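> Heads up, the final residue of the sequence shown is numbered 572 in my numbering, and it's a clean run with no missing numbers.
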Amino acid sequence: MTTLFKQRLAPALGVTADLLVARANDLVKILHFVLLLGGAALILVVRLQTQRFQKWYWYDDSLSLLLRINCSTEYTNYLEKQDSGWDSRYGAKPVKGVWTYLYPVIDCLSNHMRDIDKDEMASAGVLLGLMPTIIASAGSTLVDTALLASRRPLLAFLLAMGSPSVTPLRTFQYEDVPNMLESRKTGFGVQHSSISQSSTKRAIIVIIEVALALAASVNVFHTTYMLGVGTFVSWSAHVTAHPLLWSLLTGWMHLWGSWAFRLDVEKALPPSRRKERLWSRIQYWAQDEFTPCAMQKTRTLLRYQPNSYWFLVVSWWSAVLTLFHYIYGTM
């Protein structure tokens with residue numbers, strides 16, 4: 242099967258067998274990471290389901306008061322998962338499942354809310370709908386993150402998770418990396434700075450960078466967690482994890498962008514480093530990861546790779562997925 246895979250599929254795609262196997266391994270790694278994120282997201286969804294209507298995001302206690310006084314019956318039916326026959330009373334289309342005891346609570350709250358509270362909620366809905374656009378304009382692009390990931394992948398991942406919205410891309414539009422830095426000949430490099438190489442300064446800078454990036458990621462997760470618990474989406478009110486899932490999907494978007502970057506540009510490594518063992522690679526990674534880019538002793542040389550179908554497919558999917566992620570955030 243492996244021989245057939247190499248002899249038939251590789252020539253059909255216009256790539257070498259070794260390159261095809263390498264790309265397949267990259268895809269397997271990404272799928273493993275996605276499964277890990279999916280498992281974590283599933284646990285969070287189950288955990289959040291038990292906290293519906295207990296807290297409200299940035300709101301006073303008026304809604305909780307309505308639940309206790311005006312909507313206690315509907316709320317009790319929701320907690321006990323009992324059908325109150327809400328759809329039959331209003332002549333509405335019969336509903337099934339969770340909606341039989343979730344709809345009555347939402348309907349009761351909206352009927353007893355003051356008009357001024359409804360206006361405030363409408364304004365908040367508009368603001369939350371615009372928020373992905375605002376965040377995307379201030380965040381980094383897929384190429385920016387991928388370029389940083391070529392030298393410091395951990396910091397790039399933390400920064401990506403700290404900015405939950407991704408700028409949408411046009412299909413088949415991928416930034417010219419050399420033009421972002423300098424004119425390309427056989428390769429191009431990022432000149433390292435002449436600032437002090439003191440180990441103490443390096444450690445302080447790295448600690449500050451990682452701490453700020455980690456704080457941004459934690460802030461995003463905490464905010465989206467509280468947003469999911471304290472609000473509900475009209476088209477999917479029974480799911481509390483939509484904001485948190487939206488922020489977690491950012492890592493998936495940047496992984497696709499980094500994969501497309503690797504298919505377009507590669508690091509020009511000396512022959513002695515191309516066949517190193519895993520432990521040596523980990524050592525080189527740790528040395529680069531915990532050293533500011535401007536203080537790294539060696540230059541990072543990048544060069545173009547030959548065009549391939551893999552790059553076209555992955556870059557196209559990067560654009561499509563960012564668009565879907567953008568739409569998901571505005572819903």
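Just so it is clear, CB atoms sit at the ideal spot from N, CA and C, and this is done for glycine as well.
Only a predicted model underlies this, so the values are computations on that prediction, with no experimental measurement involved.
Any idea what DSSP makes of LEU542, helix, strand or coil?
If DSSP states are grouped into helix, strand and coil, LEU542 belongs with the strands.
> By the three-class DSSP mapping on this structure, what secondary structure does VAL506 have?
It is a strand residue.
> Could you tell me the distance, in whole angstroms, from the CA atom of LEU396 to the CA atom of TYR342?
For LEU396 and TYR342, the distance between alpha carbons rounds to 45 Å.
> Have a look at PRO373, SER477, VAL346, LEU410 and flag the residue whose alpha-carbon is nearest the alpha-carbon of VAL461.
Answer by Cα proximity: PRO373.
> If you follow the alpha helix (DSSP H) that LEU410 is part of, which residue opens it and which one closes it?
Run containing LEU410: none; DSSP gives neither H nor E here.
> In its own chain, which residues sit with a C-beta less than 6 Å from the C-beta of GLU315, not counting the 5 before and 5 after it?
Taken in chain order, the residues that qualify are PRO345, VAL346, CYS349.
> DSSP on ALA527, reduced to helix/strand/coil?
In the structure shown, ALA527 sits in a helix (DSSP, three-state: H, G or I).
> Where does HIS479 fall in DSSP's three states?
It is coil, neither helix nor strand.
> Quick check on HIS483: buried or exposed, where buried means 16 or more other Cβ atoms within 10 Å of its Cβ?
Flag for HIS483 reads buried.
> Give every residue of the same chain whose Cβ lies closer than 8 Å to the Cβ of ILE446, excluding the five residues on either side of it in the sequence, and list them in chain order.
Hits under 8 Å: PRO533, MET536.
> So, does the stretch 451-459 touch the stretch 400-409, judging by three or more C-beta pairs under 8 Å?
Yes: at least three Cβ pairs fall under 8 Å.
> Is PRO394 helix, strand or coil when you go by DSSP?
Of the three classes helix, strand and coil, the one that applies to PRO394 here is helix, per DSSP.
> Please state if the CB of SER488 and the CB of THR465 are separated by a distance shorter than 8 Å.
Yes. Within cutoff.
> Residues in its own chain within less than 7 Å of GLY570 by CB, not counting five upstream and five downstream?
Closer than 7 Å at the Cβ level, and outside the excluded window around GLY570, lie PRO373, SER406, TRP487.
> What are the boundary residues of the alpha helix (DSSP H) that SER549 is part of?
Unbroken run through SER549: none, as it is neither H nor E.
> Kindly list the residues whose CB is nearer than 8 Å to the CB of ARG393, restricted to its own chain and excluding five residues on each side of it in sequence; keep chain order.
Hits under 8 Å: ASP529, GLU530, CYS534.
> Candidates PRO547, ILE449, TRP497, GLN524: which alpha carbon is nearest ASP385's?
Of the candidates PRO547, ILE449, TRP497, GLN524, the one whose C-alpha sits nearest the C-alpha of ASP385 is TRP497.
> Helix, strand or coil for GLY469, going by three-state DSSP, please let me know.
Reduced to three states, the DSSP call for GLY469 is helix.
> State the DSSP-derived secondary structure class of ARG309, mapped to helix, strand or coil.
In this structure, ARG309 counts as helix in the three-state DSSP scheme.
> Measuring straight from C-alpha to C-alpha, what distance separates THR539 and TYR525?
Cα-Cα distance, rounded: 11 Å.
> Taking Cβ positions, are SER549 and ALA501 nearer each other than 8 Å?
The answer is no: Cβ separation not under 8 Å.
> Taking the alpha carbon of LYS322 as the reference point, which residue from TRP558, VAL506, HIS479 has its own alpha carbon closest?
Checking every option, the nearest Cα to that of LYS322 belongs to HIS479.
> Does the beta-carbon distance from ALA365 to SER499 come in below 8 Å?
It is not a contact, given that the beta carbons lie outside the stated cut-off.
> Mind checking which residues open and close the alpha helix (DSSP H) that includes VAL367?
Looking at the DSSP string, the run of the alpha helix (DSSP H) that includes VAL367 is 356-379.
> Is the Cβ-Cβ distance between ASN657 and HIS353 less than 8 Å?
There is simply no residue 657 to check, as the chain begins at 242 and stops at 572 in what is shown.
> Distance check for THR491 and LEU368, CA to CA, integer angstroms please.
Approximately 20 Å between the Cα atoms of the pair.
> So, using beta-carbon positions, are THR441 and THR408 closer together than 8 Å?
Taking 8 Å as the Cβ cut-off, THR441 and THR408 do not qualify as a contacting pair.
> Rounded to whole angstroms, what's the CA-CA distance from ASP360 to ARG443? Just pull it up for me.
Each residue's alpha carbon lies about 52 Å from the other.
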